[in-house]
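Enquirer: A single structure is presented below for examination.
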Amino acid sequence: MTECRVADGEKKSRALQCGSVELLAPAGDMRKLDVALEYGADAVYIAGKKFGMRAACKNFDYDGLKTASLAAHSRHKKFYVTLNIFPFDDDLAEVDEYLDYLSSLHADGVIVSDLGLIDRIVKAHPNMPVHVSTQANVTNADTARFYADMGVKRIVLARELSLDQMRKIRDKLSDNVELEAFVHGAMCISYSGRCLLSGYLSGRSANRGECIQTCRMRFTPENTEESLDFVQDDGTYIFGGNDLNMIEHVGDLVDAGISSFKIEGRVKSEYYVGCIVNAYRKALSAYYAGTSVSDIYIKETAKAPNRGFNTGFYYGQPIHGKTDPVFYEFCGVVMKDTKDGAVVEMRNRFKTGETLEALSANDRYHNNEIVIPVMYDECGNELTDAKNVCQRVLLHGVHLPALAMLRRRRV
209 MTECRVADGE
219 KKSRALQCGS
229 VELLAPAGDM
239 RKLDVALEYG
249 ADAVYIAGKK
259 FGMRAACKNF
269 DYDGLKTASL
279 AAHSRHKKFY
289 VTLNIFPFDD
299 DLAEVDEYLD
309 YLSSLHADGV
319 IVSDLGLIDR
329 IVKAHPNMPV
339 HVSTQANVTN
349 ADTARFYADM
359 GVKRIVLARE
369 LSLDQMRKIR
379 DKLSDNVELE
389 AFVHGAMCIS
399 YSGRCLLSGY
409 LSGRSANRGE
419 CIQTCRMRFT
429 PENTEESLDF
439 VQDDGTYIFG
449 GNDLNMIEHV
459 GDLVDAGISS
469 FKIEGRVKSE
479 YYVGCIVNAY
489 RKALSAYYAG
499 TSVSDIYIKE
509 TAKAPNRGFN
519 TGFYYGQPIH
529 GKTDPVFYEF
539 CGVVMKDTKD
549 GAVVEMRNRF
559 KTGETLEALS
569 ANDRYHNNEI
579 VIPVMYDECG
589 NELTDAKNVC
599 QRVLLHGVHL
609 PALAMLRRRR
619 V
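Residue numbers for the sequence shown follow our numbering, so the first one is 209 and each next one is one higher.
Rendered as structure tokens:
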């Protein structure tokens with residue numbers, strides 16, 4: 209992927225002249241990695257068991273990192289590894305060993321927040337691309353150039369920037385430094401994720417990967433005479449904002465010079481990953497074809513768990529969006545297709561005769577209604593009710609590709 213400059217006033221975007229942007233997906237474990245790549249991601253970002261900002265994920269041990277590397281590279285895709293905690297001195301010896309291992313796997317990049325750690329990596333592993341995390345709060349061209357002069361290859365911009373501010377940063381950087389920006393997912397109550405709420409309430413530091421996501425909890429007032437306008441009797445989400453959703457504005461991001469579109473959500477399900485990656489893959493394909501993204505895929509983003517949507521800071525101060533009361537429940541994922549039917553690993557209960565909807569990267573199957581037929585368990589016993597979590601059942605006569613999913617509409 210290359211990045212080039214376009215003179216002011218030219219209508220053709222940088223990306224149309226220089227090649228497509230990267231669609232970057234979260235992968236909290238191996239299943240999510242496979243789903244992300246199957247549904248159209250160009251790259252995934254993952255973490256080892258330490259040094260990443262999402263300790264709640266399963267993440268990858270050393271063997272898992274090797275498997276992830278082979279899975280991505282065999283598909284000619286990339287994998288990036290997060291080292292975006294703020295380390296203490298006692299962490300550094302183990303970090304050095306970890307970096308040596310990632311280098312042996314030919315990791316396509318490491319995502320780092322800490323200035324000293326960036327310097328350490330650039331000097332010790334000059335062939336390993338360093339990406340500056342959004343945690344580093346890059347909000348201006350001078351800071352971006354400072355990192356570029358250190359040897360950084362990509363900058364993940366702070367989420368608080370507008371498109372105009374991003375353009376100004378892009379125009380003042382050399383072409384060999386890429387810009388990455390979030391396009392979808394949860395927004396943080398604190399500045400680009402630097403939050404103290406979790407540490408204060410639980411002793412688990414958000415800046416060392418242990419965030420308990422306090423800002424997304426419900427709170428109820430106690431011992432106060434002040435009138436508070438709560439919207440639910442049992443508490444409300446007074447810190448949590450809408451999720452970011454830029455699916456209708458991918459062209460504006462491309463024209464601003466963003467090289468990589470990042471989807472948030474390493475702790476979310478494989479269903480969320482497949483649903484959102486699929487939608488943005490189709491949106492980017494439409495953009496490069498010179499057409500508008502289909503309403504099917506705009507609506508698709510609302511079928512994954514969400515808190516309502518807005519466009520973040522891209523067009524100025526975020527405007528609170530309405531939360532749709534309709535959502536879709538993840539029922540199962542197809543493990544394989546056989547001559548007798550699809551083998552589905554159950555997630556939420558479903559029964560014979562029930563109508564579910566398919567999610568698939570293949571348009572031939574996507575959004576098809578599936579009436580659940582006779583089912584069989586792994587021992588060949590007939591079932592009418594799939595109610596055991598992670599139970600595998602054969603849907604007799606139903607054929608769907610591996611990693612397709614089933615969902616039901618809920619109101």
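Glycine is no exception: its CB is placed at the ideal position from the N, C-alpha and C atoms.
Can you list, in chain order, the residues of its chain with a C-beta nearer than 6 Å to that of V391? Leave out the 5 residues immediately preceding and following it.
Expert: Looking up residue 391 in the sequence shown gives position 183. Excluding positions up to five away in sequence, the list reads M454 and F469.
Enquirer: Any idea which residues DSSP pairs T347 with across the strands?
Expert: Counting from one through the sequence shown, the residue named residue 347 turns up at place 139. The partner list for T347 (beta bridge, DSSP) is empty, contrary to what the question assumes.
Enquirer: At 4 residues or longer, what runs of the alpha helix (DSSP H) sit wholly inside the stretch 451–492?
Expert: 458–463
Enquirer: The beta strand (DSSP E) with K240 in it runs from where to where?
Expert: Counting from one through the sequence shown, the residue named residue 240 turns up at place 32. Note, K240: premise wrong, no beta strand (DSSP E); alpha helix (DSSP H) at M238 to E246.
Enquirer: Throw me the rounded Cβ distance for the I466 and V485 pair, which I believe falls under 8 Å.
Expert: By 1-based counting over the sequence shown, the position of residue 466 is 258. By 1-based counting over the sequence shown, the position of residue 485 is 277. At roughly 17 Å, the Cβ-Cβ gap does not stay under 8 Å, so I466 and V485 are not in contact.
Enquirer: State yes or no: is the C-beta of T531 within less than 8 Å of the C-beta of R557?
Expert: Counting from 1 along the sequence shown, the entry for residue 531 is found at position 323. Counting from 1 along the sequence shown, the entry for residue 557 is found at position 349. In this structure, R557 does not lie closer than 8 Å to T531 by Cβ.
Enquirer: In whole angstroms, give me the CA-to-CA distance for L608 and G561.
Expert: Translated into the one-based positions of the sequence shown, residue 608 becomes position 400. Translated into the one-based positions of the sequence shown, residue 561 becomes position 353. C-alpha separation (whole angstroms): 18 Å.
Enquirer: The alpha helix (DSSP H) that contains I377, what's its start and end?
Expert: Counted from its first residue, the sequence shown places residue 377 at position 169. Counting along the chain, the alpha helix (DSSP H) containing I377 begins and ends at L371 to D379.
Enquirer: Using DSSP with H/G/I as helix, E/B as strand and the rest coil, what is D442?
Expert: Along the sequence shown, one-based indexing puts residue 442 at 234. Its pLDDT being 46, under 50, D442 is placed unreliably in this model, and the coordinates cannot settle the point.
Enquirer: I'd like to know if the stretch 372–379 and the stretch 342–358 are in contact, where contact means that at least 3 CB-CB pairs between them fall below 8 Å.
Expert: yes
Enquirer: Buried or exposed for Q343, going by 16 or more other Cβ atoms inside 10 Å?
Expert: Start at 1 with the first residue of the sequence shown, and residue 343 comes out as number 135. The residue in question, Q343, is buried, as its Cβ has 16 or more Cβ neighbours within 10 Å.
Enquirer: Classify V619: buried if its beta carbon has 16 or more other beta carbons within 10 angstroms, exposed otherwise.
Expert: The residue given as residue 619 occupies position 411 in the sequence shown. Looking at its Cβ environment, which holds fewer than 16 other Cβ atoms inside 10 Å, V619 is exposed.
Enquirer: The beta strand (DSSP E) that contains G317, what's its start and end?
Expert: For this step, residue 317 is matched to residue 109 along the sequence shown. Segment G317 to V320, the beta strand (DSSP E) holding G317.
Enquirer: So, do the stretch 264–276 and the stretch 496–506 have three or more beta carbon pairs nearer to each other than 8 Å?
Expert: no
Enquirer: Mind checking whether A612 and G248 have CB atoms under 8 Å apart?
Expert: As a position in the sequence shown, residue 612 is number 404, starting the count at 1. As a position in the sequence shown, residue 248 is number 40, starting the count at 1. Result no, Cβ atoms of A612 and G248 do not sit closer than 8 Å.
Enquirer: If I'm right that G549 touches G482 with Cβ under 8 Å, what's the distance once you round it to whole angstroms?
Expert: By one-based count along the sequence shown, residue 549 stands at place 341. By one-based count along the sequence shown, residue 482 stands at place 274. With 8 Å as the limit, G549 and G482 do not qualify as a contact, their Cβ atoms being about 21 Å apart.
Enquirer: Do you know how far the Cα of V579 is from the Cα of G524?
Expert: Indexing the sequence shown from 1 puts residue 524 at position 316. Indexing the sequence shown from 1 puts residue 579 at position 371. Distance between the alpha carbons of G524 and V579: 45 Å.
Enquirer: For the beta strand (DSSP E) that contains T290, what are its first and last residues?
Expert: Walking along the sequence shown from the start, residue 290 turns up at place 82. Where T290 is concerned, the enclosing beta strand (DSSP E) starts and stops at K286 to L291.
Enquirer: Which residue comes first and which comes last in the beta strand (DSSP E) that contains H339?
Expert: Counting from one through the sequence shown, the residue named residue 339 turns up at place 131. Per DSSP, H339 belongs to the beta strand (DSSP E) from V338 to V340.
Enquirer: In angstroms with no decimal places, state the Cα-to-Cα distance between K286 and M336.
Expert: By one-based count along the sequence shown, residue 286 stands at place 78. By one-based count along the sequence shown, residue 336 stands at place 128. Rounded to the nearest angstrom, the two C-alpha atoms are 13 Å apart.
Enquirer: Would you say F538 and S477 are within 8 Å of each other, going by their C-beta atoms?
Expert: In the sequence shown, residue 538 corresponds to position 330, counting from 1. In the sequence shown, residue 477 corresponds to position 269, counting from 1. It is a contact, given that the beta carbons lie within the stated cut-off.
Enquirer: Determine, using beta-carbon pairs with one atom in the stretch 316–334 and one in the stretch 272–292, whether at least three such pairs fall under 8 Å.
Expert: yes
Enquirer: Between the C-alpha atoms of T419 and Y309, what's the straight-line distance to the nearest angstrom?
Expert: Here residue 419 is taken as the residue at index 211 of the sequence shown, counted from 1. Here residue 309 is taken as the residue at index 101 of the sequence shown, counted from 1. Per the sequence shown, residue 419 should be read as Cys rather than Thr. Rounded to whole angstroms, the separation of the alpha carbons of Y309 and C419 is 26 Å.
Enquirer: Quick one: grab the DSSP three-state call for M358.
Expert: For the purposes of this step, residue 358 is identified with residue 150 of the sequence shown, where counting begins at 1. In this structure, M358 counts as helix in the three-state DSSP scheme.
Enquirer: Please list, in chain order, all residues of the same chain as A487 whose beta carbon is under 7 Å from its beta carbon, the five residues on each side excluded.
Expert: Here residue 487 corresponds to residue number 279 of the sequence shown, with the count starting at 1. Excluding its 5 nearest sequence neighbours in each direction, A487 has C-beta neighbours in its own chain below 7 Å: I455, Y505, E508 and T509, listed in chain order.
Enquirer: On the DSSP bridge assignment, give the partners of F296 in chain order.
Expert: Taking the sequence shown and counting its residues from 1, one reaches residue 296 at position 88. In the DSSP output, where bridge partners are listed per residue, F296 has none listed.
Enquirer: If you count every other CB in all the chains shown that lies within 10 Å of the CB of I329, and 16 or more means buried, which is it?
Expert: As a working note, residue 329 is residue 121 in the sequence shown. It counts as buried.
Enquirer: What are the start and end residues of the beta strand (DSSP E) that includes G540?
Expert: Working through the sequence shown from its first residue, we reach residue 540 at position 332. Per DSSP, G540 belongs to the beta strand (DSSP E) from F535 to T546.
Enquirer: At what residues does the alpha helix (DSSP H) containing I506 begin and finish?
Expert: Looking up residue 506 in the sequence shown gives position 298. Its alpha helix (DSSP H) spans residues D503 to E508.
Enquirer: Where does K559 sit, in a helix, a strand or coil, going by DSSP?
Expert: To locate residue 559, count along the sequence shown from 1; it is residue 351. In the structure shown, K559 sits in a strand (DSSP, three-state: E or B).
Enquirer: What residues in its chain sit with their C-beta under 8 Å from that of P581, if we drop five residues either side in the sequence?
Expert: Here residue 581 corresponds to residue number 373 of the sequence shown, with the count starting at 1. These residues qualify, in order along the chain: G549, T560, L603, H604, G605 and V606.
Enquirer: Residue range of the beta strand (DSSP E) that G549 falls in?
Expert: Taking the sequence shown and counting its residues from 1, one reaches residue 549 at position 341. G549 -> beta strand (DSSP E) spans G549 to M554.
Enquirer: Determine the burial state of A251: buried for a count of at least 16 other Cβ atoms within 10 Å of its Cβ, exposed for fewer.
Expert: Within the sequence shown, residue 251 is the residue found at index 43, counting from 1. Answer is buried; the Cβ neighbour count reaches 16.
Enquirer: Quick one: is N450 buried, meaning 16 or more other Cβ sit within 10 Å of its Cβ, or exposed?
Expert: Within the sequence shown, numbered from 1, the residue matching residue 450 stands at position 242. N450 is buried by the Cβ-count criterion.
Enquirer: What is the DSSP secondary structure of L278, counted as helix, strand or coil?
Expert: Taking the sequence shown and counting its residues from 1, one reaches residue 278 at position 70. Looking at L278 - three-state DSSP - the assignment turns out to be helix.
Enquirer: What are the boundary residues of the alpha helix (DSSP H) that I329 is part of?
Expert: Your numbering for residue 329 matches position 121 in the sequence shown. I329 -> alpha helix (DSSP H) spans L323 to A332.
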